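In my numbering, the protein residues as written are 170 to 912.
Here's the structure, in structure tokens; my notes come after.
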Amino acid sequence: MEFKKFLPGFKVLSYHGNTKRRKELRQGWNNKYQFNVCVTSYALASRDAHVFKRKPWYYMILDEAHMIKNFKSQRWNTLLMFRSFRRLLLTGTPLQNNLTELWALLQFLMSGTNFANLKEFADWFSNPLEKAIEMGTTLDDENQQRVSKLHTVLRPYLLRRLKRDVEKELPSKFEHIVMCPLSKRQRFLYDEFMSRAETRHDLQSGVYQKIANILMQLRKVVNHPDLFEVRPIRTSLAMDRSAIADFEIKELLVRRDLLRQDPEDQINFEMLGLRFIDQQNVSELAALETRRLDATRLLPYISEDLGDPPPYDTRTIAGFRKVREFQDRAALIARWNQIGYLNHLRCRRIPVVGQEIISLVSQCVRPLLPLEEVDMGRDHMDIVQAIPRAIKSYSIRAAELGGVIDRFGFITPAAVARDLARIVLVGHEELVQDKVGDIYFDQLLHRSAVKLQIAFPDPSLLQYDCGKLQKLAELLRERSAGGHRVLIFTQMTRILDILEIFLNFHGYLYLRLDGATKIEDRQYITERFNSDSRVFCFISSSRSGGVGINLTGADTVIFYDSDFNPQMDRQCEDRAHRIGQIRDVHIYRFISQHTVEEALLRKANQKRHLDNVVIQQGEFDWRSLMSKDESALTRALGEFEDAEDAHAAALAASEEVAIEGADEDDFEWEGGAQPVPADDIRPSVDIEEEIPQSQEVEEDRQVLNAEEGEEMEEDEEEEGGTTVEYMLSFIRSDMDFFSEWRI
């Protein structure tokens, strides 16, 4: 699309598709006027490297050049073997983690020259600068000179073009750090994991795989505890029907329960007057007559005073007799007092609801039926209205008690017995079985039964179990009220699943983009988000949505969790803060307090500071490039070289001139250079004949659809293909930092 806009006269070959499709595209491509530009992906260029190496290219331009930052990767070495007269690397992040990656890009550009090797480059620049930045100290004069010399080395090869140089009225960008306290469940899981003996042993071992695994587990806890330990769905243990139940005497089972000793069975509730139903058959008139016959006060010794006890004398017979007589008299008085208490208690009992009242209520002209089942015809005068309204049907009771059941029917029993109804009431099995098998009755109790059979976690716990989601709910409510639109980036696909449930719970309209999204759907999703203002939120993974898309419809970017590489987050920010944006962009970065994320943030800030010192402050402008010659580079390198290195550099310079002259014979470009001899270029059919048919079949088997897998291959080839392996590469490079880190 860009070539059609800016260079409509160019013939552009879009090199993509499966093996058969790519073979058709290569037919005749060695002809002089077949195409001017060939556009392909890193994955296909590496896969068909045997074809691309044979064709001399005038210019090799690599977009997103940070994809070749690892000089040990197969991609870097494969592309390095391509024959090209000029090379151009396009990237917004030339320095991501350390100066070694910057050296890899420079080495790729100047592979034919005697550029400084990695050890020399590290001794000159990388080790001193990175050490000073990690120590957090201010750069001294010596390191300032190193930075200045490094800028001199980079200036002929690095050209920065800022967005503000193209768009003068580009809105501002503001970054906010949002500290999120852990929830109670998160803190418990975090502390429990760190207190394990295995975790402490792995930290002390210093093995980067073990430390990386610990970091991954801790990041799961702080991102959402369900990633570390899912809340269980509780169910009861359903005990099957006993196979010998039909051969046992049910009375024995009941009697076994009746013979079981219970401390409460030793208490006489009747004597204490706590059994109110014992007098229900006594009328109130008979109870009043019994109260009049109470003669407790006439019992002997009932009011006699015992007096003072005699002195306790056991030495003489007379003294001992007085003591025994006093004890016997005290026991006699106590016995008569107990008899008087029981007599008084039994004479003063009055039934709470007497049999008379019960009989009056039950004596109606018609049986009591629920009001909805009563025929309110002409004989309505024979029916008392208050009594039918008091007798409610099962459905009315279930509706009225629905709220009570929802609030209090939340405890799932540990076990349930399916065969309990047949043995619960001896002699009433038929009645119980009829009620249990009643379909209407079962439908009314279905909701209550389900709540007692299975207990799902409350949907609101998804938010309240996680400190980040609590902060996110507040932030989204604020941004939605202000008419803003939001981008949310995360590192884990499982977090996207949780965010989907969270956004659905709050009723926000959203779109999702991840590695499983097809290439043809990416453009549709981004265009819909930019054009449809009803879509409030766009959620995506950093690896899938961080490059290649335009999301200027949003003015708020939220990083749910930060990338190990801060430049990846910067690319995600640029999805919204780019040319075409008309509003200020606010960046919110969520960091969990007192966790490993604070250590990762400090490490990311060190990498940003290194990028600021080496790249941002370099003032790599094309105006300075046009005004200075390459002698500054020679002088800068000469200050760090000895006599032997200087002599080798001079020889390399002369060889470079000879090589450049030889290369000019192999290329044809504007300016009157000699054309390439016809016998030096093999026809396209020869190239195809040298490719075995079995190899094509193998490629078809390995690559079913190159277009759909293009983006994933670009992201995964260098870093290993998974988030864990991607993280391992950064832990390996920053091993000194994490080996000394303790929580």
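The beta-carbon is built from N, C-alpha and C at its ideal position, and this holds for glycine as well.
The structure presented is a predicted model; accordingly, all values stated were derived computationally and were not measured.
Assigned exposure category for K201 - 16 Cβ within 10 Å defines buried:
exposed
Start-end ranges of the alpha helix (DSSP H) lying completely within the region 637-685, minimum 4 residues
662-675
Unbroken beta strand (DSSP E) run spanning M229, endpoints
226-232
Coil, strand or helix - L720 by DSSP:
coil
Which residues mark the beginning and the end of the alpha helix (DSSP H) in which E270 is found?
268-278
Span separating the alpha-carbon of E367 from that of Q386:
13 Å
Just to confirm before moving on: does the CB-CB distance between F733 and R758 stay below 7 Å?
no
Return the first residue and the last residue of the alpha helix (DSSP H) that R484 is part of.
No alpha helix (DSSP H) holds R484; DSSP gives it neither H nor E.
Do you know offhand how far K776's Cα is from G571's?
59 Å
From R270 to A650, what distance separates their C-alpha atoms?
One point to set straight first is that residue 270 is Glu, not Arg, in the sequence displayed. Rounded to whole angstroms, E270 to A650 spans 44 Å at the Cα level.
Any beta carbon of chain D sitting closer than 7 Å to that of F172?
The question asks about chain D, but that chain is absent: this structure has only one protein chain.
Suppose you measure from the CA of L319 to the CA of R223; what does that come to, to the nearest Å?
36 Å
Residue from D724, P626, P735, E233 with nearest C-alpha to Q660:
P735
My output table needs one value for P408: the three-state DSSP class, helix, strand or coil.
Sequence check: residue 408 is Met here, not Pro. Of the three classes helix, strand and coil, the one that applies to M408 here is strand, per DSSP.
Backbone CA spacing between F251 and T209 [nearest angstrom]:
14 Å
Here's the rule: buried if 16 or more other CB atoms are within 10 angstroms of the residue's CB, otherwise exposed. What is R576?
exposed
Indicate the three-state DSSP secondary structure (helix, strand or coil) for F728 in the structure shown.
strand
Compute the Euclidean distance between the alpha carbons of F579 and V451, then round it to the nearest angstrom.
43 Å
Can you tell me whether S709 is buried or exposed? The criterion is at least 16 other CB atoms within 10 Å of its CB, across all chains shown.
buried
Looking at the structure shown, is H763 part of a helix, part of a strand, or coil, going by DSSP?
coil
DSSP beta-bridge partners of Y757:
H345, I727
Exposed or buried, P263, counting other C-beta atoms within 10 Å across all chains shown (16 or more means buried)?
buried
Give me the Cα-Cα distance between V866 and I230, rounded to the nearest whole angstrom.
A caution first: V866 carries a pLDDT of 37, below 50, which makes its placement in the model unreliable, though a value can still be read off. Taking the straight line joining both Cα atoms gives about 30 Å.
Please state whether the Cβ-Cβ distance between L351 and S629 is less than 7 Å.
no
Going by DSSP, what residue range makes up the alpha helix (DSSP H) through F254?
Per DSSP, F254 belongs to no alpha helix (DSSP H); it is in the beta strand (DSSP E), 253-259.
By DSSP's criteria, A586 is part of a beta bridge. Which residues make up the other side?
M408
Answer with buried or exposed for V322, where buried requires no fewer than 16 other C-beta atoms within 10 angstroms of its C-beta.
buried
Nearest CA to the CA of S242: which residue from S215, G261, R255?
S215
Over what stretch of residues does the alpha helix (DSSP H) that includes S215 continue unbroken?
211-216
Straight-line CA distance for L248 to L176?
26 Å
What is the DSSP secondary structure of L462, reduced to helix, strand or coil?
coil
Using the three-state DSSP reduction, which class does P177 fall into: helix, strand or coil?
coil
Pull up the distance between the alpha-carbon of H235 and that of T260, whole angstroms please.
6 Å
Look at the alpha carbon of L182 and the alpha carbon of N205, and state the distance between them as a whole number of angstroms.
8 Å
Between which residues of its own chain and E879 is the CB-CB distance below 8 Å, once the five residues before and five after are set aside?
Any reading at E879 must be qualified, since the residue scores a pLDDT of 44, below 50, and its modelled position is unreliable; the value itself is stated next. Around E879: H185, S210, A212, L213, I688.
Separation of Y377 from L770, as counted between CA atoms
19 Å
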